[in-house]
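Undergrad: Below is one structure. I have some questions about it.
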Amino acid sequence: MAQRWTITYEVFRKKGSHPPHFDRFKLDVSPDEYVLDGIERIWAFHDRSLVFSHACHHSTCGACGMRVNGLEKLTCITPIHKVTRDGGVIRVEPLKNFPVISDLSVDMSLLYQRMEMVGQRSVLPIEEEGIPDGLLYGKEQKSGHLRLADCIECGLCMSACPISATTSSYLGPAALAGAHQHSIADPQAASLVDHADGVWRCHSAFECTSVCPSNVNPGWRIMDLRKRLISSRILGIFRRL
Amino acid sequence: MTAEKPHVVIIGAGFTGVATAHDLALRGCAVTVVDRGPIANGTSGRTHGLLHSGGRYAVNDQESAIECIDENLILRRIVPQVIEPNGGLFIALDDSDLEYGERFIEGSQACHIPIEQISPQEALRLEPNLNPKLLAAFTVPDATFDPLRLALSFAATAKSNGAHFRLFTEVEGFITDGQGNVTGVKVWDRAQDAHGEIHADMVVNATGAWAGQIAAMAGYEGLPITPTPGVMVAFDQRLTNRVINRLNVPGDGDIVLPQRMMVVVGTTSFQIEDLDYVPVIEDQVRQMLERGAELIPALKTANIRGAYMATRPLVGKGSSGRSLARTFKCFDHKETQGIEGLVTITGGKATTMRAMAEKTADIVCQKLGITAPCLTRDVPLLSYRQFYILPN
């Protein structure tokens, strides 16, 4: 028989203007189940008032990002055995740096506004994704086919970013990575983020890259954008001479 | 006195609900969409992501096949921002597949699905990870879509035309006129933990696999709907650029489709009692790997990234989900149960969401005396991001 664990979910709760608190739910789980499966079961069988966001359950939609034991995770692909042990606890909280709608759901309109503003492309050939050579995911070949962009706009990077936490006007890693992707096809796009709340605000913590579930590598992209902007400025000086 | 727009409440923010909201908003209705969760939290969000060419149904369910190819071409045109439009292949691996191929050619012609037979060598050149033992291959105009973004694009466009969304808001019951006719819904806003009522000139039950439960709240227990889940398994390598189908009668684990940096293998077909939580069955996950690897042997070297269940709403009551047609059905409960004010739309497939909405909106408009025609075949949809950006 498959292995079963008993674990406790500690779930952040927030309704309307009431102060937030945590509720505890003891669950019988398979260690191979995903964190989101447990949350959905809490809603289905224990507490129908639990609010959480989810859609695709396989890491293509970016809806189910949460903080799991303090770290940003896409809960649909995070197996329970990776974040706790038999008898252990899973503490789930909403993403940081976004307003909480209720419980585990946040309002990410600001992220979508910024993605739109930088012109991040949602469908494109992989050649124009801007992935550095050698970092292609698995065995994927460059082929010219159109493909959904790697960034699933899940917001994990904005939640983990120490600058986004202190500076709300900072565009944040996802939008800067989106500007980088756009600039592969149209180099002018880099100028959209060439300002103090854009590419120059980042302090190179690389928290974004470490939490990204989708291989976007925003930290590397921000650094690459800086390089591109500096090169074009230096070239500009020579052109004027 | 100014004539107010008729108010339609749509229950369900899955594919059918958001497409119906879009259609009715364009025809001049005031629309409110209520859902107990966020957009596409049920079956819609968890679909395979296959924009069907219709090839899968060309032999056994030609009505669905024709709906699929017609809608496939429309969606490619109105919402390219969520689609990987790379086509698909049907491949034969044994004699039974080759035999089926003859019927597949006839069926595809009958359903005007453009297919082309290519040599196994050509198929391997296009998709090097195919099983090298393939015996025959046909190209079809399949595609892949992003499920949530497809729903959001319809919802965003509906919102831009005035539709209002009440998410995390669960319907607890119907408001009736004392004679059993529906005049609105009683709701529980789960985010605020507040109860309320929304009055309506017409209510549309667009809850897919849950449509029977909602119809029962209005007093109709017998809606012919068979919720039929199937498993999907996502692998961490994009091993193909086209959708790969087994050239045979639809069965388990016979579709492998690319999506972002992954491939997804599906699916199975069984029946359940409790719709709100369908556990992932480990044997079915193993079956997907084994069956999928017959098409794409390199799957054996990939890691499972996610495994999940989605529950199809199949119209009818039958012994086997595979034998039920994939077509959709709209019920005017005035006609069937004498309940005025309630229309149910269910069945169908993601690919046919727009057509389902058109049929539903036709019935709603006819009942409300609205003569405006359907415009959704030609109106390009907004960016999915606009759903979050536009004011509600």
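Protein chains in written order, with this note's numbering: chain A, 144 to 384; chain B, -2 to 389. The beta carbon of each residue, even a glycine, is placed where N, CA and C say it ideally should be.
#1: How would you call G98/B, buried or exposed, if buried means at least 16 neighbouring beta carbons within 10 angstroms?
#2: Please confirm if R53/B has its CB atom under 8 Å from at least one CB of chain A.
#3: Since Y152/A is in the beta strand (DSSP E), which residue starts that stretch and which ends it?
#4: Name the two residues that bound the continuous beta strand (DSSP E) containing I233/A.
#5: Roughly how many angstroms separate the alpha carbons of M(-2)/B and A27/B, rounded to a whole number?
#6: Looking at chain B, is there any beta carbon in it that lies within less than 8 Å of the beta carbon of N212/A?
#7: Please tell me whether V226/A has its Cβ less than 8 Å away from any Cβ of chain B.
#8: Does D94/B pass the burial test, meaning 16 or more other C-beta atoms within 10 Å, or should it be called exposed?
#9: Would you say I75/B faces chain A, with C-beta separation under 8 Å as the test?
#10: Is the region 326 to 336 of chain A touching the region 344 to 351 of chain A in the sense that three or more CB pairs, one from each, lie closer than 8 Å?
#11: Does the Cβ-Cβ distance between L170/A and V261/A come in under 8 Å?
#12: Using a cut-off of 8 Å between C-beta atoms, extract the partners of D293/A located in chain B.
#13: Could you work out which residue in A295/B, E291/B, T264/B is closest to D280/B when comparing CA atoms only?
#14: Spatial neighbours of Q363/B within its chain, please: C-beta separation below 7 Å, excluding the five flanking residues on both sides.
#15: Once DSSP output is grouped into helix, strand and coil, what is the label at P154/B?
#16: Go ahead and label H323/A buried or exposed: buried means 16 or more other beta carbons lie within 10 angstroms of its beta carbon, across all protein chains shown.
#17: Can you name the start and end residues of the alpha helix (DSSP H) that E64/B belongs to?
#18: Taking 8 Å as the threshold (C-beta atoms), are A134/B and I112/B in contact?
#19: Label L378/A either buried or exposed according to how many other C-beta atoms from any shown protein chain fall within 10 Å of its C-beta, with 16 as the threshold for buried.
#20: Interface residues of chain B around L289/A at Cβ under 7 Å?
#21: For I75/B, collect the residues of the same chain with a Cβ closer than 6 Å to its Cβ; drop the 5 residues on either side in sequence, then sort them by chain order.
#22: Closer than 8 Å, CB to CB, is F165/B near chain A or not?
#23: Would you identify the three-state DSSP class for V374/A, choosing helix, strand or coil?
#24: Can you give me the start and stop residues for the alpha helix (DSSP H) that D171/A sits inside?
#25: What does the alpha-carbon distance come out to for the pair R24/B and G335/B?
#26: Label E296/A either buried or exposed according to how many other C-beta atoms from any shown protein chain fall within 10 Å of its C-beta, with 16 as the threshold for buried.
#27: Alpha carbon to alpha carbon, how far is N360/A from L272/B?
#28: Show which residues of chain A have a CB atom less than 8 Å away from the CB atom of G303/B.
#29: Any C-beta of chain B sitting closer than 8 Å to the C-beta of I373/A?
#30: Could you tell me the alpha carbon to alpha carbon distance between S380/B and V201/B, rounded to whole angstroms?
#31: DSSP state of H330/B, grouped into three classes?
#32: Out of A332/A, T149/A, K158/A, point me to the one whose CA is closest to F165/B's CA.
#33: Chain A beta carbons: is any one of them nearer than 8 Å to that of R283/B?
#34: With a threshold of 8 Å, are at least 3 pairs of Cβ atoms found where one atom belongs to the region 178 to 190 of chain A and the other to the region 202 to 221 of chain A?
#35: Would you call the region 215 to 228 of chain B in contact with the region 308 to 315 of chain B, where contact means no fewer than 3 C-beta pairs closer than 8 Å?
#36: Would a C-beta distance cut-off of 8 Å place H49/B and T29/B closer than the cut-off?
TA: Looking at the coordinates:
#1: Around the CB of G98/B, 16 or more other CB atoms lie within 10 Å, so the residue is classed as buried.
#2: No, R53/B lies away from the interface with chain A (no Cβ there is under 8 Å from its Cβ).
#3: That run of the beta strand (DSSP E) goes 148 to 156.
#4: Residues 232 to 236.
#5: Legend: pLDDT at M(-2)/B = 41, less than 50; position of this residue unreliable, value from coordinates given subsequently. One Cα belongs to M(-2)/B, the other to A27/B, and the distance between them is close to 18 Å.
#6: No, N212/A does not count as interfacial toward chain B.
#7: It does not; no Cβ of chain B falls within 8 Å.
#8: Counting other Cβ atoms within 10 Å of its Cβ, D94/B reaches 16 or more and is therefore classed as buried.
#9: When Cβ-Cβ separations below 8 Å define contact, I75/B makes no contact with chain A.
#10: Segments in contact, no.
#11: Contact: no.
#12: Scanning chain B for C-beta atoms nearer than 8 Å to the C-beta of D293/A yields R257, M258, reported in chain order.
#13: Comparing alpha-carbon positions, the option among A295/B, E291/B, T264/B lying closest to D280/B turns out to be T264/B.
#14: Cβ within range, chain order: n/a, list empty.
#15: The question names Pro, but residue 154/B in the sequence shown is Thr. The answer is helix: DSSP assigns T154/B an H, G or I state.
#16: So H323/A counts as buried.
#17: Counting along the chain, the alpha helix (DSSP H) containing E64/B begins and ends at 59 to 75.
#18: Contact: no.
#19: L378/A is exposed by the Cβ-count criterion.
#20: E81, P82, N83, listed in chain order.
#21: Within the same chain, I75/B has close Cβ partners P377, L378.
#22: Interface residue, yes.
#23: First, the residue type needs correcting, since residue 374/A is Ser and not Val in the sequence shown. In the structure shown, the three-state DSSP call for S374/A is helix.
#24: No alpha helix (DSSP H) holds D171/A; the beta strand (DSSP E) holding it covers 164 to 172.
#25: A straight line joining the alpha-carbon of R24/B with that of G335/B spans about 26 Å.
#26: Classification of E296/A: buried, given that the 10 Å Cβ count is 16 or more.
#27: Inter-residue distance for N360/A and L272/B is about 38 Å (C-alpha atoms, whole angstroms).
#28: Per Cβ cutoff of 8 Å: Y177, H200, H201, S202, C219, I220.
#29: I373/A does not count as touching chain B.
#30: Straight-line Cα distance between these residues: approximately 25 Å.
#31: The DSSP-derived three-state label of H330/B is helix.
#32: Checking every option, the nearest Cα to that of F165/B belongs to K158/A.
#33: Cβ-Cβ to chain A under 8 Å: no for R283/B.
#34: The region 202 to 221 of chain A and the region 178 to 190 of chain A touch, with three or more beta-carbon pairs separated by less than 8 Å.
#35: Judged by Cβ distances under 8 Å, the region 215 to 228 of chain B makes contact with the region 308 to 315 of chain B, as three or more pairs qualify.
#36: Result no, Cβ atoms of H49/B and T29/B do not sit closer than 8 Å.
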